[in-house]
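Asks: Per our numbering, the sequence shown starts with residue 1, numbered consecutively.
Each residue gets a CB set at the ideal place from its N, CA and C atoms; glycine is no exception.
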Amino acid sequence: GKLRLPTVRRVAWHVVTLGSLTLAVVLSYVIRFEGLLNAENTTSLARCLGIVVPIQFFILMAVAGQRSSIRGLTLRDLWQLVFGVTMGLAVAAPVAMLAEANIPRSIWIIDWFIAISVLGGFRGAASEVDSFLRRRSLHAGSRVLLVGTCPSSEAVVRAIQSDTSPDNQRVVVGMVAKPEDRELVGRSTGGVPVVGTTKRLERLITKYRIDEVMLLSETFLGSEVSDLQKQAAAAGCTATIIPAIHTLVSGGVQLQPRPIDIADLLGRPTVEIDTAGLGRWLGNKTVLVTGASGSIGSELCRQLLHHGPEQLIILDRSETGLFWIERELSEATSSTEVIPCVADITDAERVEHVFAEYRPDIVFHAAAYKHVPLMEQHPGEAIRNIPLATATLARAAGKADVATFVMISTDKAVNPTSV
């Protein structure tokens, strides 16, 4: 079959490296002897080519061969280049002495400078040519804005640039930093400029005619991901997310952007609900829900109905709200008997009467004031309706031998932090 393009690049880099090392040795002799090579010097040159070049080549490949290509030049690449050339000469020198190659000492110094200059210069030139060609061909692929700057940003940029599969043609037009990293704007990472901050994401998408926004998951919290997704959608752009970099393939990053899901917005793994277990637990039971007409209580009642309790006692002091939720639940297809109960949980006598009449097995306590800033203006009502009413309900549940008492959104009754 045909060689893949990344393989071709690696082979090209190997050929260029071998040719550059050979050229460096030849130029070293030409400079050292001012172009006048007699028979003795020519013999020394041949021995140097046979000893130094192969050793330098294999050490360079061991140090950087699997991570390098003719595409791009980073500080890390330059350091590996200097280290590889130096180590190659350090290993080749004693070998040449043992082989009595008669290589002048000045050759080692000249060769070191020339080898680094030729290899570094070629890589730098190749990087500039590659950047120019990518700018000329921006229309050929999906225009990508990479959102987020972190230690793995450069690896992601290089992975995108080196991915040449026909169904994955992307061109990174620019990068976007977080507002607190605004000092990065104007700089470049992997040859890609940082064009702005996330505050102007929608405007940047329009300005650079972006097709896809790629978020680095390790850079943003769930709430930030949600905001960035909304900005991208407002600009008519697709938003994907790149998971944390952890998989290396052939010495590079395996790029796996995917659609944004609920786990990215939560900032934690999603919780899988054991619906079968809930059905076994709630089936044929009498369940009581306080605050049943509220926003939380009403949705809780709808969900409980799916799990088939024998009776669902919906309790609330708001008769209007209770009327509507009872009507909705009764129209649902279910074998559960829905029983509305108008009661105030601050009334201990009424609460005990309800428990004695219906004998619930499970209680979901969702009745509470939940708007903290408002209730801080009425602390007396908040205390009466949350901690004191919860205590009243709990005592009544204990007297009625309720098996399970579940507190929903009423944690402040136990650990008050606002009122």
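In the structure shown, what three-state DSSP assignment does I296 receive?
Replies: Here I296 sits in helix by DSSP.
Asks: Please name the residue or residues paired with V95 in a DSSP beta bridge.
Replies: Looking at the DSSP assignment, V95 forms no beta bridge with any residue, so it has no partner.
Asks: Look up D316 in the DSSP assignment and say whether it is helix, strand or coil.
Replies: strand
Asks: Please name the residue, chosen from T290, Y358 and I205, that lies closest to V406 on a Cα-to-Cα basis.
Replies: T290
Asks: When the Cα of L89 is compared with those of L60, I362, Q56 and A101, which residue comes out closest?
Replies: Q56
Asks: What is the DSSP secondary structure of S330, counted as helix, strand or coil?
Replies: helix
Asks: In this structure, how does DSSP classify S106 when only helix, strand and coil are distinguished?
Replies: helix
Asks: Quick one: give me the first and last residue of the alpha helix (DSSP H) that R143 is part of.
Replies: That residue, R143, is in no alpha helix (DSSP H); its beta strand (DSSP E) goes S142 to V147.
Asks: Does the count of Cβ pairs from the stretch 93-102 and the stretch 10-17 closer than 8 Å reach three?
Replies: no
Asks: Using three-state DSSP, classify G174 as helix, strand or coil.
Replies: strand
Asks: Tell me the DSSP bridge mates of T390?
Replies: Beta-bridge pairing links T390 to no other residue.
Asks: Pick from E272, H353 and V287: whose alpha carbon is nearest that of V363?
Replies: In terms of Cα proximity to V363, the closest of E272, H353 and V287 is V287.
Asks: Does the beta carbon of E212 sit closer than 9 Å to a beta carbon anywhere in chain C?
Replies: Reference to chain C is not applicable here, since this structure consists of a single protein chain.
Asks: Do you know offhand how far I383's Cα is from H365's?
Replies: Whole-angstrom Cα-Cα distance: 16 Å.
Asks: Between which two residues does the alpha helix (DSSP H) containing M375 stretch?
Replies: V372 to M375
Asks: Where does Q421 sit, in a helix, a strand or coil, going by DSSP?
Replies: The displayed coordinates of the chain run from 1 to 419. Any statement about residue 421 would go beyond what the structure contains.
Asks: Going by C-alpha distance, which of T336, K178, L27 and E331 is nearest I313?
Replies: T336
Asks: Bridge partners for C341 per DSSP, in chain order?
Replies: L315
Asks: Alpha carbon to alpha carbon, how far is A233 from S318?
Replies: 40 Å
Asks: What residue from S293, S330, F33 and L322 has the CA that sits closest to H306's CA?
Replies: The shortest Cα separation from H306 among S293, S330, F33 and L322 belongs to S330.
Asks: How many angstroms separate the CA atom of V16 from the CA atom of T22?
Replies: 10 Å
Asks: Kindly indicate which three-state DSSP category H353 falls into: helix, strand or coil?
Replies: It is helical.
Asks: So does the stretch 204-211 actually touch the stretch 225-243, counting three or more Cβ pairs closer than 8 Å?
Replies: yes
Asks: Compare the C-alpha of V63 against each of M375, A348 and M87 and name the closest.
Replies: M87
Asks: Does the Cβ of R187 have 16 or more other Cβ atoms within 10 Å, making it buried, or fewer, making it exposed?
Replies: exposed
Asks: From the DSSP secondary-structure annotation, give me the bridge partner or partners of F364.
Replies: V289 and V406
Asks: So, with DSSP's three-state summary, where would you put A239?
Replies: strand
Asks: Give the straight-line distance between the Cα atoms of V342 and D316, rounded to the nearest whole angstrom.
Replies: 5 Å
Asks: Are there 16 or more other CB atoms within 10 angstroms of the CB of V354, so buried, or fewer, so exposed?
Replies: buried
Asks: Quick one: residues in its chain with C-beta nearer than 7 Å to the C-beta of V82, no 5 flanking neighbours on either side, listed in chain order?
Replies: I116
Asks: If you drop the 5 nearest sequence neighbours on each side, which residues of the same chain put their C-beta closer than 7 Å to that of L138?
Replies: Any reading at L138 needs caution, since the residue's pLDDT is 48, under 50, leaving its predicted position unreliable; the model's value is listed next. Taken in chain order, the residues that qualify are V171 and V173.
Asks: Looking at the structure shown, is E310 part of a helix, part of a strand, or coil, going by DSSP?
Replies: coil
Asks: Can you tell me where the alpha helix (DSSP H) with T206 in it begins and where it stops?
Replies: L201 to K207
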